[in-house]
Amino acid sequence: MGVLHKNYREMNHFEANDKLSKLIHTNHFLLPVINRFGIRLGFKDKSVKQVCEEQTINENFFLTIVNTYTNEDYFPEAELLKFSPLLIVDYLRKTHKYYFEYLFPEVERRLEKVLMGCKSNCQDLQLIKTFYEKYKIELSRHIEDEEDNVFPYVKALTETYEKGIPLNKEYDFYNMHSAEQEHTQVDQKIYDLKNIVLKYLTPTYNDNDCNAFLFAIFQFEKDLLDHARIEDKILVHKVMDIEKAVKNG
């Protein structure tokens, strides 16, 4: 944490001419974030600008996302609101894919290892597993609702606004207002899960395995919070503005 914040303060925020490798040295948690843009390792000494140009990535959007993800105090709402909702939805879809293909399985793998290493009464760990499984179901339902309902609505509404394509009648009474309240509970529950492990777990586990499990939870929590900020503070408000123009215009 100290090195990350020291480096980040010195540079203020990442810029187009920074070496992409420097971003990862400063904050290795950016690895899955850059993967969502289709960037893979082996980028040599290329700058952010060079990599974005080669891979046809919106450079400003990329920089805004990596800066937002690296520093919670950096959240340029005005800048983010300039981007197309479709660009934001594409990034969020790839984030969802990362959750299902990597983070969920990784958390579960580490939790199973903690359970296997339990030497005596493992009731607390079984309760934690049950809590996690219920949380996964709830978060999965939330994500599926976004994929099946919210994101198609955003696409249809944006196409109506930008291209004049008539909005499907099924969306006449659909709106983004309800989506604004969705994240609070799922965010709180992953914090609760982390807190239960930290405060109430009976010490019958392997320390290293339990720490690895907690590291995975911390990583998941951070990713979810950044994900929620982009959805709730940017996508929802941008789409609500478009709604007014389309439905009341």
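Numbered by our numbering, the letters in the sequence shown go through residues 1 to 249 in order.
All residues carry an ideal CB built from backbone N, CA and C; glycine is no exception.
Enumerate in chain order the residues of its own chain whose CB-to-CB distance from residue i is below 7 Å, with the five nearest sequence positions on each side excluded.
{"i": "F37", "result": "I57 and F62"}
{"i": "M11", "result": "Reliability of the predicted coordinates at M11 is poor, the pLDDT of 46 falling under 50, and no value is obtained from them."}
{"i": "Y161", "result": "I242, A245 and V246"}
{"i": "Y91", "result": "R36 and I65"}
{"i": "F83", "result": "F61"}
{"i": "N17", "result": "S47 and K49"}
{"i": "L86", "result": "K155 and T158"}
{"i": "C122", "result": "L115 and T204"}
{"i": "H96", "result": "I143 and E147"}
{"i": "L111", "result": "K129, Y132 and F213"}
{"i": "K238", "result": "L81 and P85"}
Tell me which residues share the same chain as residue i and place their Cβ nearer than 8 Å to its Cβ, disregarding the 5 neighbours each side in the sequence.
{"i": "H5", "result": "Confidence is the limiting factor: at H5 the pLDDT is only 44, short of 50, which leaves the residue's position unreliable, though a coordinate-based value still follows. Once the five neighbours on either side are set aside, H5 has no close Cβ partner at all."}
{"i": "G117", "result": "Y205, N206 and D209"}
{"i": "E59", "result": "A16, V48, K49, C52 and E53"}
Could you check where the alpha helix (DSSP H) with residue i kicks off and where it finishes?
{"i": "S140", "result": "Q123 to D145"}
{"i": "N211", "result": "D207 to R229"}
{"i": "N58", "result": "It is not in any alpha helix (DSSP H) - N58 carries neither H nor E in the DSSP assignment."}
{"i": "T158", "result": "F151 to K163"}
{"i": "S21", "result": "L20 to T26"}
{"i": "H96", "result": "P85 to Y98"}
{"i": "I242", "result": "V236 to K247"}
{"i": "P32", "result": "L31 to N35"}
{"i": "M116", "result": "F104 to M116"}
{"i": "E77", "result": "E77 to L80"}
Could you name the residues of the same chain whose beta carbon sits closer than 6 Å to that of residue i, not counting the 5 residues immediately before and after it, in chain order?
{"i": "R9", "result": "The predicted position of R9 is uncertain, since its pLDDT is 43 and thus under 50; a value taken from the coordinates is nonetheless stated next. So the list is empty, once near-sequence residues are dropped."}
Could you tell me which residues DSSP puts in a beta bridge with residue i?
{"i": "S47", "result": "K19"}
Assuming residue i and residue j form a contact by the criterion Cβ under 8 Å, report the distance between their Cβ atoms to the nearest whole angstrom.
{"i": "R229", "j": "F75", "result": "6 Å"}
{"i": "K232", "j": "T68", "result": "One point to set straight first is that residue 232 is Asp, not Lys, in the sequence displayed. Their Cβ separation, rounded to whole angstroms, is 13 Å, which puts D232 and T68 out of contact at 8 Å."}
{"i": "A216", "j": "V107", "result": "5 Å"}
Contact between the segment 93-105 and the segment 27-42: three or more CB pairs below 8 Å? yes
Would you check if the segment 187-196 and the segment 146-163 touch, i.e. whether three or more CB-CB distances between them fall below 8 Å? no
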